[in-house]
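K.L.:
The C-terminal position of the sequence shown is numbered 301 in my numbering, with every residue numbered one higher than the one before it.
Backbone N, C-alpha and C fix where the C-beta goes; we use that ideal spot for every residue, glycine too.
Note that the structure is predicted; figures quoted are calculated from it, not measured.
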Amino acid sequence: MSRVALATSRVALPGAPASLVAHEDVDMPLLVAALARLGVAATPRVWDDESVDWEAYDLVVVRSTWGYADSYPDFLAWARARERLVNPYEVLEYSSDKHYLGDLARQGFPVVDTTYCEVGEVPSFPEATFVVKPTVGAGSIDAARFEATDTLAATEHVARLHATGRCALIQPYVTTIDALGERALVFLDGEFSHAMTKRAHLNVAPEHRDGTFRTRQMSRAAGEPDAIDLAASLLSGRFADLAYGRVDLVRTPEGWKLMELELVEPALFLGYEESSPARAARAIARRIPD
């Protein structure tokens with residue numbers, strides 16, 4: 012029987028201590044069960060657990076390594092050392108740093124307007140509500156929303172990111188998110204699987220603006236053909252033949268724009284689409300070396 016390690020984190024495991032701000036990976040049991048039905052023994056393993064013998068597994072699949080940004084150099088070193096890794100190291104390295112948004116914009120893809128303030132640079136902000144976040148980060152951690160008049164607070168936030176050696180990413184706040192949410196399109200084995208609407212709004216209140224949400228709601232959504240086409244085009248070039256991926260888009264007056272590529276450790280919302288656990292399992296099984 013083939014053995015697969017599903018790389019996770021302590022915060023994603025069932026029963027994680029409250030002190031770890033647990034966020035359980037609800038995809039994990041569905042994926043483990045689907046792999047078992049294919050004759051594959053899949054075991055969740057914490058990526059930075061030094062006691063794990065990674066070479067004992069036929070394949071390592073990155074699934075819920077949430078919090079890797081806190082140990083980013085260590086995470087990249089760990090991934091680089093894995094000879095049989097899904098998604099591949101090159102994909103993880105590229106898509107874990109949001110400088111890729113600028114790269115994709117230069118290639119002509121529609122991307123939410125993005126500027127970067129590297130360490131040591133003086134920030135410049137939009138003249139409307141905007142968001143500041145680190146280029147390497149997960150979820151809303153260290154992301155903050157500011158009104159156009161809050162440049163002093165925003166400058167202080169950038170300074171805090173710079174003090175820890177992190178580049179700041181600055182984007183206008185896309186107001187359609189409040190009404191329509193983001194569209195998350197899940198791809199398995201290179202093919203569109205299902206879509207979700209994510210409604211997660213960054214707080215603008217000073218006492219709650221940094222990395223917190225007013226609401227976080229998930230619901231199944233239709234996969235609009237133009238959104239699927241854009242997502243597929245983003246994945247079909249540099250990211251061909253991926254086992255899994257998620258493309259987060261937002262609808263603007265100019266059409267769909269890319270918010271984020273989730274190719275490292277995306278939630279795949281397997282519980283919302285009946286066929287998706289089996290499809291994800293087949294995508295993984297196909298990549299197990301002979």
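Per DSSP, what kind of secondary structure is Pro288 in: helix, strand or coil?
P.N.:
Pro288: helix per DSSP, three-state reduction.
K.L.:
Could you pull out every residue in the same chain whose Cβ sits closer than 7 Å to the Cβ of His219, ignoring the five residues on either side in sequence?
P.N.:
Caution is warranted here: a pLDDT of 45 is assigned to His219, below 50, making its placement in the model unreliable, and no coordinate value can be reported.
K.L.:
State the start and end residues of the unbroken alpha helix (DSSP H) segment that holds Leu3.
P.N.:
Outside the displayed span of the chain (12 to 301) sits residue 3, for which this structure offers no information.
K.L.:
Take the Cβ of Ile295 as the centre, count every other Cβ of all protein chains shown within 10 Å, and call the residue buried at 16 or more, exposed below.
P.N.:
The residue in question, Ile295, is buried, as its Cβ has 16 or more Cβ neighbours within 10 Å.
K.L.:
Shortest alpha-carbon distance to Val130 belongs to which of Ala174, Arg95 and Leu115?
P.N.:
Selected option, being the one with the closest Cα: Ala174.
K.L.:
Across which residues does DSSP place Phe141 in a beta bridge pair?
P.N.:
Answer is Phe157 and Pro183.
K.L.:
Distance, Cα to Cα, Gly15 vs Ala243?
P.N.:
The sequence shown places Val at residue 15, not Gly. Rounded to the nearest angstrom, the two C-alpha atoms are 27 Å apart.
K.L.:
Could you give the DSSP three-state label for Met39: helix, strand or coil?
P.N.:
Looking at Met39 - three-state DSSP - the assignment turns out to be helix.
K.L.:
Do the stretch 105 to 118 and the stretch 52 to 66 make contact, defined as three or more Cβ pairs closer than 8 Å?
P.N.:
Verdict: no, contact absent.
K.L.:
Look at the alpha carbon of Asp252 and the alpha carbon of Asp200, and state the distance between them as a whole number of angstroms.
P.N.:
C-alpha separation (whole angstroms): 6 Å.
K.L.:
Taking the alpha helix (DSSP H) that Leu328 belongs to, which residues open and close that run?
P.N.:
Only positions 12 to 301 of the chain appear in the structure, and residue 328 is not among them; the question remains open.
K.L.:
Would you call the CB atoms of Ala179 and Val169 closer than 8 Å?
P.N.:
Yes, they are a contact pair.
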